[in-house]
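Chains A and B supply the protein sequences, listed in that same order.
Numbering (UniProt numbering) for the first sequence: 1 to 466.
Numbering (UniProt numbering) for the second sequence: 1 to 466.
Glycine included, C-beta positions come from ideal geometry on N, C-alpha and C.
Structure, as structure tokens:
There are 2 protein chains.
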Amino acid sequence: MSETDDVTEGQDSGEEAKEDAYAINAATVDGILAAVELGAQARLVELLEPLHEADIADLLEQITTSERHKLLDVWGEEMDGAFLYELEEGVRDDIVEYLDDKVLASAMSEMETDDVVYLVEDLDEEQQEKVLESLDLADRVAVEASLQYDEDSAGRLMSREMVTAPEHWTVGEAIDYMRAHEDLPEDFYKVILVDPAMKVVGTVPLGTIMANRREKSLKDIADLEPRVFPVDESAEDVAYAFNQYHMISAPVVDGDGRLVGVITIDDAMDVLEDAAEEDMKRLAGLGDEELSDSVWETAKLRFPWLGVNLITAILASVVIAQFEAVIAAIVALAVLMPIVASMGGNGATQTLTVAVRALATRDLTSSNAFRIVRREVLVGLLNGAVFAIIIGIVGLVWFGSPMLGVVIGVAMIINMVVAGLAGILIPMGLERAGADPALASGAFVTTVTDVVGFFAFLGLAATLLL
Amino acid sequence: MSETDDVTEGQDSGEEAKEDAYAINAATVDGILAAVELGAQARLVELLEPLHEADIADLLEQITTSERHKLLDVWGEEMDGAFLYELEEGVRDDIVEYLDDKVLASAMSEMETDDVVYLVEDLDEEQQEKVLESLDLADRVAVEASLQYDEDSAGRLMSREMVTAPEHWTVGEAIDYMRAHEDLPEDFYKVILVDPAMKVVGTVPLGTIMANRREKSLKDIADLEPRVFPVDESAEDVAYAFNQYHMISAPVVDGDGRLVGVITIDDAMDVLEDAAEEDMKRLAGLGDEELSDSVWETAKLRFPWLGVNLITAILASVVIAQFEAVIAAIVALAVLMPIVASMGGNGATQTLTVAVRALATRDLTSSNAFRIVRREVLVGLLNGAVFAIIIGIVGLVWFGSPMLGVVIGVAMIINMVVAGLAGILIPMGLERAGADPALASGAFVTTVTDVVGFFAFLGLAATLLL
Chain A
1 MSETDDVTEG
11 QDSGEEAKED
21 AYAINAATVD
31 GILAAVELGA
41 QARLVELLEP
51 LHEADIADLL
61 EQITTSERHK
71 LLDVWGEEMD
81 GAFLYELEEG
91 VRDDIVEYLD
101 DKVLASAMSE
111 METDDVVYLV
121 EDLDEEQQEK
131 VLESLDLADR
141 VAVEASLQYD
151 EDSAGRLMSR
161 EMVTAPEHWT
171 VGEAIDYMRA
181 HEDLPEDFYK
191 VILVDPAMKV
201 VGTVPLGTIM
211 ANRREKSLKD
221 IADLEPRVFP
231 VDESAEDVAY
241 AFNQYHMISA
251 PVVDGDGRLV
261 GVITIDDAMD
271 VLEDAAEEDM
281 KRLAGLGDEE
291 LSDSVWETAK
301 LRFPWLGVNL
311 ITAILASVVI
321 AQFEAVIAAI
331 VALAVLMPIV
341 ASMGGNGATQ
351 TLTVAVRALA
361 TRDLTSSNAF
371 RIVRREVLVG
381 LLNGAVFAII
391 IGIVGLVWFG
401 SPMLGVVIGV
411 AMIINMVVAG
421 LAGILIPMGL
431 ERAGADPALA
441 SGAFVTTVTD
451 VVGFFAFLGL
461 AATLLL
Chain B
1 MSETDDVTEG
11 QDSGEEAKED
21 AYAINAATVD
31 GILAAVELGA
41 QARLVELLEP
51 LHEADIADLL
61 EQITTSERHK
71 LLDVWGEEMD
81 GAFLYELEEG
91 VRDDIVEYLD
101 DKVLASAMSE
111 METDDVVYLV
121 EDLDEEQQEK
131 VLESLDLADR
141 VAVEASLQYD
151 EDSAGRLMSR
161 EMVTAPEHWT
171 VGEAIDYMRA
181 HEDLPEDFYK
191 VILVDPAMKV
201 VGTVPLGTIM
211 ANRREKSLKD
221 IADLEPRVFP
231 VDESAEDVAY
241 AFNQYHMISA
251 PVVDGDGRLV
261 GVITIDDAMD
271 VLEDAAEEDM
281 KRLAGLGDEE
291 LSDSVWETAK
301 LRFPWLGVNL
311 ITAILASVVI
321 AQFEAVIAAI
331 VALAVLMPIV
341 ASMGGNGATQ
351 TLTVAVRALA
361 TRDLTSSNAF
371 RIVRREVLVG
381 LLNGAVFAII
391 IGIVGLVWFG
401 SPMLGVVIGV
411 AMIINMVVAG
421 LAGILIPMGL
431 ERAGADPALA
441 SGAFVTTVTD
451 VVGFFAFLGL
461 AATLLL
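Have a look at this one:
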């Protein structure tokens with residue numbers, strides 16, 4: 001098998017194999033659902049066995065709720081609970097609620113405690129209790145300790161399973177210790193050197209240990225100034241540091257500087273991925289929705305932003321209403337006015353997205369803020385001027401009025417400059433005020449460009465055309 | 001130092017330290033620029049020395065071009081080129097062009113070859129040649145070999161520095177081999193077992209090697225079916241697999257199944273991060289712009305999408321123009337019509353963002369496509385109905401016409417349903433056609449909701465109100 005150049009081992013390799021290289025493909029899903037329909041437990045286990053738990057989770061997310069429940073029934077006590085960790089929240093809630101206590105307990109018996117923490121933190125209290133009761137006492141204590149840290153903190157992110165060594169040990173002693181211990185963490189990359197008070201003295205990558213003779217003192221080959229995270233550090237800051245400094249693992253310490261856990265890159269990767277997704281969703285006015293949410297849940301989650309948008313749209317209409325007499329006199333204004341607002345909205349969205357992203361990656365700072373604001377205004381001015389000429393000519397040709405061309409052109413320039421200003425200043429202001437720059441920016445910004453767009457265009461028309 | 005709970009070692013720790021925890025803060029930048037202004041090389045080196053190369057890159061991105069050139073002049077031959085790898089493209093181009101050949105060669109002399117590949121792949125031919133000439137022959141050959149693989153392929157992503165062992169070796173032999181070799185890769189996590197033809201037999205994590213006795217055969221403790229990537233696999237597929245399966249490193253093989261390199265999680269993390277950022281930018285109609293781009297470059301890159309938007313806005317105006325007579329008769333229509341289009345645009349953006357994200361994470365597949373399309377349409381219907389009632393009442397109260405309320409309410413429902421349909425079907429169609437679903441979706445989708453919004457509202461008004 002090793003010389004295969006196919007990374008989808010254990011999956012069907014039909015025509016779709018290439019297209020859906022890593023995801024569950026339609027043939028696999030159909031086969032599994034057929035086994036479920038027949039109640040064929042042995043066949044189901046045989047089909048699920050070669051799949052990675054992350055793929056099983058995807059499968060459970062993609063089928064309907066009733067198919068999912070049937071599958072769980074058929075799987076029963078043969079279930080390996082690793083997939084629970086991989087599920088999105090909505091489906092996880094549903095499954096934890098649906099499973100009976102005994103199946104849940106046996107499914108979770110082999111999970112590591114930090115995975116259990118991740119799994120239970122989003123459950124409601126009743127379900128959380130149900131999961132906790134299914135754990136043995138030691139695990140339960142560890143899980144409850146982790147749950148005491150803030151959500152989105154280093155304490156929640158860290159694993160308590162780590163390999164430490166007294167600072168005076170040699171390479172040989174460390175190797176002998178590891179050989180003698182059966183229960184090392186599944187994946188670890190560094191040995192953490194500690195003093196008797198459990199304070200971190202340094203870290204030694206496994207590769208470095210391997211490359212040195214047994215007599216070598218660990219302290220001599222250690223990184224004695226490793227980056228260390230306080231347990232209450234925000235998860236997003238941790239993830240930023242992992243990404244910025246290409247870290248692979250880092251010790252976590254409590255308020256007294258004592259080692260309490262270790263964070264590895266895969267945890268950081270999940271946080272980064274989530275943060276980028278969250279910004280993207282917030283810019284589009286989406287809440288914490290998931291693909292498996294029902295129609296009702298989805299509609300409810302999207303309602304607030306649409307409501308905000310309705311208010312801003314009505315505000316824009318109020319501006320238009322001030323110019324009813326002008327529109328009644330020159331109907332061409334009604335035809336052209338959405339163009340100015342639309343272009344402003346688009347220009348503002350461009351700037352806004354750049355600003356939100358740059359704030360998230362910490363590339364937009366007090367050092368370059370002024371320069372970026374100036375750039376956005378000038379870009380608005382430049383593109384505004386070019387589109388002013390184009391739309392001015394369109395207005396002139398379409399309605400035969402040079403003055404109408406001038407009015408729409410000037411309104412375009414004004415609105416594009418305002419779009420650039422609003423697109424950068426609003427997220428920067430939100431960030432400075434301690435709010436999430438992505439959250440309500442879109443609503444504020446389009447309100448500004450709609451109101452300014454209609455007001456500039458219709459106001460100029462009232463002054464110059466009547 | 002080890003017991004510190006401050007992760008910003010080596011940085012100024014003034015008032016801003018908390019806020020800008022990991023980034024270069026304003027005080028650091030000011031200090032460095034002051035040293036540059038004075039031409040104080042020793043002081044500059046002293047200030048830069050404690051900074052991570054990623055922070056130095058951020059600094060160089062944040063200052064102006066002329067400050068940057070002055071800094072490079074003062075730094076001169078003391079320069080450590082590691083920061084070059086961390087720069088964004090625009091600034092990297094500028095610096096490579098500005099540096100004289102000798103400084104560039106000495107700055108790059110200690111870089112690993114895969115970093116050099118990443119650095120040169122985006123340079124124009126002349127600059128690439130300049131960099132390649134500065135390398136010694138062996139490195140140059142390795143870099144040129146990597147450049148022959150497609151950009152965005154596993155071959156470009158992989159490093160050639162890896163640790164392999166013959167399949168028949170024991171733990172002891174592997175450890176002895178590593179102890180005898182000074183030039184092991186800086187970070188490695190697995191030993192790759194190969195047969196005499198360099199085909200991959202299995203992989204052994206370092207932790208597992210440590211945990212076993214010297215006599216143990218590596219083959220007995222190896223993962224004999226590791227995920228292996230063909231050298232021409234797309235970088236995005238590789239990154240997806242790393243994320244989905246929580247991988248830390250994986251061998252890369254050529255067409256004959258022979259080991260040619262290894263990909264590690266930090267490479268995959270960069271790809272994922274870039275892919276999410278790209279989707280976000282494309283949804284907002286942004287090209288490959290960077291924060292350091294000039295006004296002129298930025299305006300040029302944003303122009304095309306604004307141009308597309310202008311065309312769609314004019315298309316919407318053409319629809320409005322068909323109803324000039326209706327608007328002339330009832331000016332209230334001009335006041336209210338942007339509301340329907342705006343709500344449709346927002347609803348469509350919500351759906352579109354969900355769809356683009358779900359396609360990127362491979363959660364939207366042929367197995368659940370129908371269910372998701374149905375959900376989006378029903379969400380549009382549900383929210384459309386609620387907002388129809390609200391806006392119907394607004395229309396009635398504001399203009400005192402019950403029929404106007406009905407017209408805007410019905411138009412709202414129609415446009416919200418169409419928004420849901422367009423928001424999901426357009427990106428799915430683009431994906432199926434082999435195009436990037438994020439790329440032009442926004443333009444298509446808002447065209448649809450603008451046109452349908454104005455047409456439904458004004459058309460119904462023409463039928464029912466005149």
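Original post:
When the Cα of P230/A is compared with those of V204/A, N243/A, V262/A, D223/A, which residue comes out closest?
Top reply: V262/A
Original post:
In terms of alpha-carbon separation, which member of P166/B, M111/B, P304/B, A360/B lies closest to A142/B?
Top reply: M111/B
Subject >> Closer than 8 angstroms at the beta carbon, the chain A residues around S317/B >> reply: V335, L336, P338, I339
Subject >> Other residues of its chain near L465/B: CB distance less than 7 angstroms, five sequence neighbours each side excluded >> reply: I330, M403, L404, V407
Original post:
Taking the alpha-carbon positions, what's the Y118/A to R156/A distance?
Top reply: 8 angstroms
Subject >> Sequence-distant residues of its chain with Cβ nearer than 6 angstroms to L430/B (five each side left out) >> reply: P437
Original post:
Run through DSSP, which three-state label would P338/A get?
Top reply: helix
Original post:
Under 9 angstroms between C-beta atoms, does T449/B make it to chain A?
Top reply: no
Original post:
Using a Cβ-Cβ distance under 9 angstroms, would D58/A count as near chain B?
Top reply: With 9 angstroms as the cut-off, D58/A counts as an interface residue toward chain B.
**OP:** Report yes or no: do the stretch 418 to 429 of chain A and the stretch 307 to 327 of chain A share at least 3 C-beta pairs separated by less than 8 angstroms?
**Re:** no
**OP:** Work out the CA separation of P251/B and V163/B for me, nearest whole Å.
**Re:** 11 angstroms
**OP:** On a CA-only basis, which of G434/A, K300/A, R302/A, N368/A is nearest D293/B? Give me that one, please.
**Re:** The residue with the shortest Cα to Cα distance from D293/B is N368/A.
**OP:** In the DSSP assignment, find the beta strand (DSSP E) that holds I327/B and state where it starts and stops.
**Re:** Premise fails: I327/B lies in the alpha helix (DSSP H), 324 to 329, not in any beta strand (DSSP E).
Subject >> F457/B at chain A interface by Cβ criterion, 9 angstroms >> reply: Not an interface residue.
**OP:** Report the rounded CA-to-CA distance for W169/A versus I63/B, giving the unit in angstroms.
**Re:** 47 angstroms
Original post:
Mind checking if F387/A is an interface residue toward chain B, Cβ cutoff 9 angstroms exclusive?
Top reply: yes
Subject >> Three-pair Cβ contact test at 8 angstroms for the stretch 327 to 341 of chain A versus the stretch 317 to 336 of chain B >> reply: yes
Subject >> Proximal residues of chain B, C-beta to C-beta of E324/A below 9 angstroms >> reply: V331, A332, A334, V335
Original post:
Just checking my contact of N243/A with L272/A at CB under 8 angstroms: how many whole Å lie between their CB atoms?
Top reply: 6 angstroms
Original post:
Rounded to a whole number of angstroms, what is the C-alpha to C-alpha distance between H69/A and Y98/A?
Top reply: 7 angstroms
**OP:** Determine the chain A residues that contact G347/B at a beta-carbon separation under 8 angstroms, and present them in chain order.
**Re:** R302, L306
**OP:** Tell me, please, whether the CB atom of N415/A is closer than 9 angstroms to any CB atom in chain B?
**Re:** no
**OP:** Decide if K190/B is buried, meaning its Cβ has at least 16 other Cβ atoms within 10 Å, or exposed.
**Re:** K190/B is buried by the Cβ-count criterion.
**OP:** Anything in chain A within Cβ reach of F188/B, meaning under 7 angstroms, just list it in chain order.
**Re:** G207
Original post:
Over what stretch of residues does the beta strand (DSSP E) that includes I24/A continue unbroken?
Top reply: Element bounds for I24/A: n/a, residue is neither H nor E.
**OP:** Report, in whole angstroms, the separation of the C-beta atoms of I175/A and M210/B, which I expect to be a contact under 8 angstroms.
**Re:** About 6 angstroms separates the beta carbons of I175/A and M210/B, which is inside the 8 angstroms limit, making them a contact pair.
**OP:** For D254/A, I'd like the list of residues in its chain whose CB is within less than 6 angstroms of its CB, leaving aside the five on either flank, ordered along the chain.
**Re:** V231, V260
Original post:
Short check: CB of G384/A to CB of V356/A, under 9 angstroms?
Top reply: no
**OP:** Please check if any C-beta of chain B sits within less than 9 angstroms of the C-beta of F454/A.
**Re:** Yes - at least one Cβ of chain B is within 9 angstroms of the one on F454/A.
Original post:
Helix, strand or coil for V163/B per DSSP?
Top reply: coil
**OP:** Name, please, each residue of chain B whose Cβ falls closer than 9 angstroms to the Cβ of E236/A.
**Re:** Chain B residues near E236/A: none, gap ~10 angstroms exceeds 9 angstroms.
Subject >> Straight-line gap, W398/B to V394/A (C-alpha atoms, nearest Å) >> reply: 34 angstroms
**OP:** Kindly say whether S366/A, judged by its beta-carbon, lies nearer than 9 angstroms to any beta-carbon of chain B.
**Re:** yes
Original post:
Got a sec, what are the start and stop residues for the beta strand (DSSP E) K190/B sits in?
Top reply: 190 to 194
Original post:
Alpha carbon to alpha carbon, what distance is there between R371/A and A360/A?
Top reply: Answer to the nearest angstrom: the Cα atoms are 18 angstroms apart.
Subject >> DSSP-derived helix/strand/coil call for T170/A >> reply: strand
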